[in-house]
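Asker: Sharing a structure with you now.
Protein chains: 2
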Amino acid sequence: MFFLKELPTRQMIDGYAGQYGANAETIATALDMMRRASLLVRRIDAYFAAQGFSQLRFLVLIVIDREPKRTSLRASEIADRLDVSRPVITRTLQNLLKDGLIAERGTDADKRAKRISLTPSGSDRLGALLPGYFRIIDSFIKPPQAPENQN
Amino acid sequence: MFFLKELPTRQMIDGYAGQYGANAETIATALDMMRRASLLVRRIDAYFAAQGFSQLRFLVLIVIDREPKRTSLRASEIADRLDVSRPVITRTLQNLLKDGLIAERGTDADKRAKRISLTPSGSDRLGALLPGYFRIIDSFIKPPQAPENQN
DNA sequence: TGAAATTGATTATCATGCTAATTATATTGA
DNA sequence: TCAATATAATTAGCATGATAATCAATTTCA
């Protein structure tokens with residue numbers, strides 16, 4: 000996350016960056032992108048929090064659901080598809096399991112591994128969350144009224 | 000942060016979003032922005048962590064340093080300029096104080112408030128961190144070789 | 001003017017990210 | 001073949017984000 004509310008003016012960036020040979024235009028573009036993305040991520044996180052959920056749990060359900068030709072993934076495959084450390088995957092799966100949104104089965108081939116699949120309840124939950132998720136993203140990019148700054 | 004490594008194809012987005020009336024193009028743009036920003040924030044965080052620092056501490060130093068015509072800010076003014084909760088500001092200031100990078104003085108006008116200023120050490124630290132910071136941002140936007148995917 | 005409300009800052013506690021270390025199973029190769 | 005190495009997953013413990021509750025000082029206004 001990028002927490003600076005008021006981005007520096009081009010002039011200010013020059014004052015900092017100019018002496019290091021960085022391009023102020025480039026820096027301004029990157030800072031703006033980070034700030035905008037942070038605001039969007041904030042909204043998305045707030046949306047999931049309001050549903051007693053989290054973006055990461057949602058993404059776990061998504062990667063299982065979207066996998067072509069398969070209904071389950073190993074924990075390690077889920078970890079491969081998400082840019083989050085393994086222990087966080089473990090904990091997130093434990094929570095999803097506790098809530099009955101996924102099911103685990105051992106694998107025959109490798110006794111260490113687990114196959115994770117969505118339960119009907121997990122599918123339902125995912126389906127229930129998707130419309131709001133897309134609505135937030137959609138309205139963020141092309142706002143009905145003024146976006147940004149909610150404080 | 001947005002943790003999905005492989006963004007969904009346009010087709011896949013249509014499969015999810017189309018039924019909810021969202022524009023797949025818009026969604027794809029937003030997901031791409033979030034992913035790119037997340038990767039950049041990761042690099043920046045790694046940079047500061049390698050220096051035993053953090054992006055937030057850096058931003059605190061920046062907002063004090065860049066304030067025109069003043070050499071100190073109240074804690075609450077710092078909080079106003081950063082999109083982070085007050086308790087996090089308190090803790091971050093405590094750490095910066097412990098490291099001797101900022102100094103605190105009470106205010107005459109309001110005995111609750113604190114005026115925060117950079118120490119020479121804090122100024123030096125900020126100056127030492129800036130070049131690397133801009134270099135990362137600069138090279139992320141226009142990469143010398145291939146960017147993205149470090150795992 | 002003094003009780004009520006507000007404000008600046010902090011503490012307590014929780015959630016969620018991380019790395020390092022551990023456990024159990026599989027694989028490799030001298 | 002069996003010791004060494006690698007891999008899947010977990011546990012332990014830390015850092016840093018959040019909210020709710022608290023304390024002290026200030027401001028408001030009946």
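For the protein sequence lines, the chains are G and L, in the order given. Per numbering that gives the first Met the number 0, the first sequence runs over residues 0 to 150. Per numbering that gives the first Met the number 0, the second sequence runs over residues 0 to 150. From the three backbone atoms N, C-alpha and C, an ideal C-beta is built for every residue, glycine too. No experiment lies behind these values; they were computed from the predicted model shown.
1. Could you round the C-beta distance between residue 104 (chain L) and residue 111 (chain L) to whole angstroms and report it? I think they count as a contact, below 8 Å.
2. In chain G, what lies closer than 9 Å to residue 86 (chain L) by C-beta?
3. Based on the DSSP secondary-structure assignment, which residues constitute the bridge partners of residue 103 (chain L)?
4. Any beta carbon of chain G sitting closer than 8 Å to that of residue 6 (chain L)?
5. Would DSSP call residue 84 (chain G) helix, strand or coil?
6. Got a sec? Which residues, its chain only, sit under 8 Å from residue 118 (chain L) by beta carbon, not counting five neighbours each side?
7. Check whether the region 134–143 of chain L and the region 12–26 of chain G touch, using three or more Cβ-Cβ pairs below 8 Å as the test.
8. Is it the case that the region 24–36 of chain L contacts the region 67–75 of chain L, given that we only count it when at least three CB pairs across the two stretches are under 8 Å?
9. Leaving out five residues before and five after residue 77 (chain G) in sequence, what residues of the same chain have Cβ atoms less than 8 Å from its Cβ?
10. Mind checking if residue 47 (chain G) is an interface residue toward chain L, Cβ cutoff 8 Å exclusive?
11. Does DSSP classify residue 71 (chain L) as helix, strand or coil?
12. Please list the partners that residue 25 (chain L) has in chain G, where partner means a Cβ-to-Cβ separation under 8 Å.
13. Counting C-beta neighbours from all protein chains within 10 Å, is the total for residue 14 (chain L) 16 or more, i.e. buried, or is it exposed?
14. Grab me the residues of residue 1 (chain L)'s own chain with a C-beta within less than 7 Å of its C-beta, minus the 5 sequence neighbours each way, in chain order.
15. Could you check where the alpha helix (DSSP H) with residue 19 (chain L) kicks off and where it finishes?
16. Quick check on residue 3 (chain L): does DSSP put it in helix, strand or coil?
17. Going by C-alpha distance, which of L:74, L:130, L:84 and L:109 is nearest residue 96 (chain L)?
18. How would you write the range of the alpha helix (DSSP H) that residue 57 (chain L) sits in, first residue to last?
19. Using only CA atoms, which one of G:56, G:109 and G:124 lies nearest to residue 94 (chain G)?
20. Run through DSSP, which three-state label would residue 8 (chain G) get?
21. Does the beta carbon of residue 22 (chain G) sit closer than 8 Å to a beta carbon anywhere in chain L?
22. Quick one: is residue 149 (chain L) buried, meaning 16 or more other Cβ sit within 10 Å of its Cβ, or exposed?
23. May I have the straight-line CA-CA distance separating residue 47 (chain L) from residue 122 (chain G), to the nearest angstrom?
Answerer: The answer reads as follows:
1. With a Cβ gap of about 13 Å, residue 104 (chain L) and residue 111 (chain L) do not count as contacting.
2. Here the premise fails: no neighbours, minimum Cβ distance about 14 Å.
3. L:115
4. It does not; no Cβ of chain G falls within 8 Å.
5. Coil at residue 84 (chain G), not helix or strand.
6. Result list for residue 118 (chain L): 99, 100, 101 and 102, in chain order.
7. yes
8. Cβ pair count under 8 Å is below three, so no.
9. 59, 62, 63, 88, 92 and 115
10. Taking Cβ atoms only, chain L never reaches closer than 8 Å to residue 47 (chain G), which makes this a no.
11. Shown here, residue 71 (chain L) sits in a strand according to DSSP, grouped into three states.
12. Near residue 25 (chain L) (Cβ distances below 8 Å), the residues of chain G are 136, 137, 140 and 141.
13. exposed
14. Correct list, in chain order: 33, 34 and 37.
15. Run containing residue 19 (chain L): none; DSSP gives neither H nor E here.
16. strand
17. For the residues L:74, L:130, L:84 and L:109, the minimum Cα distance to residue 96 (chain L) belongs to L:74.
18. 54–65
19. G:56
20. In the structure shown, residue 8 (chain G) sits in coil (DSSP, three-state: anything other than H, G, I, E or B).
21. yes
22. Confidence in residue 149 (chain L) is poor, its pLDDT being 41 and thus under 50, which makes the residue's placement unreliable; the coordinate value appears in the next sentence. With fewer than 16 other Cβ atoms within 10 Å, it is exposed.
23. 40 Å
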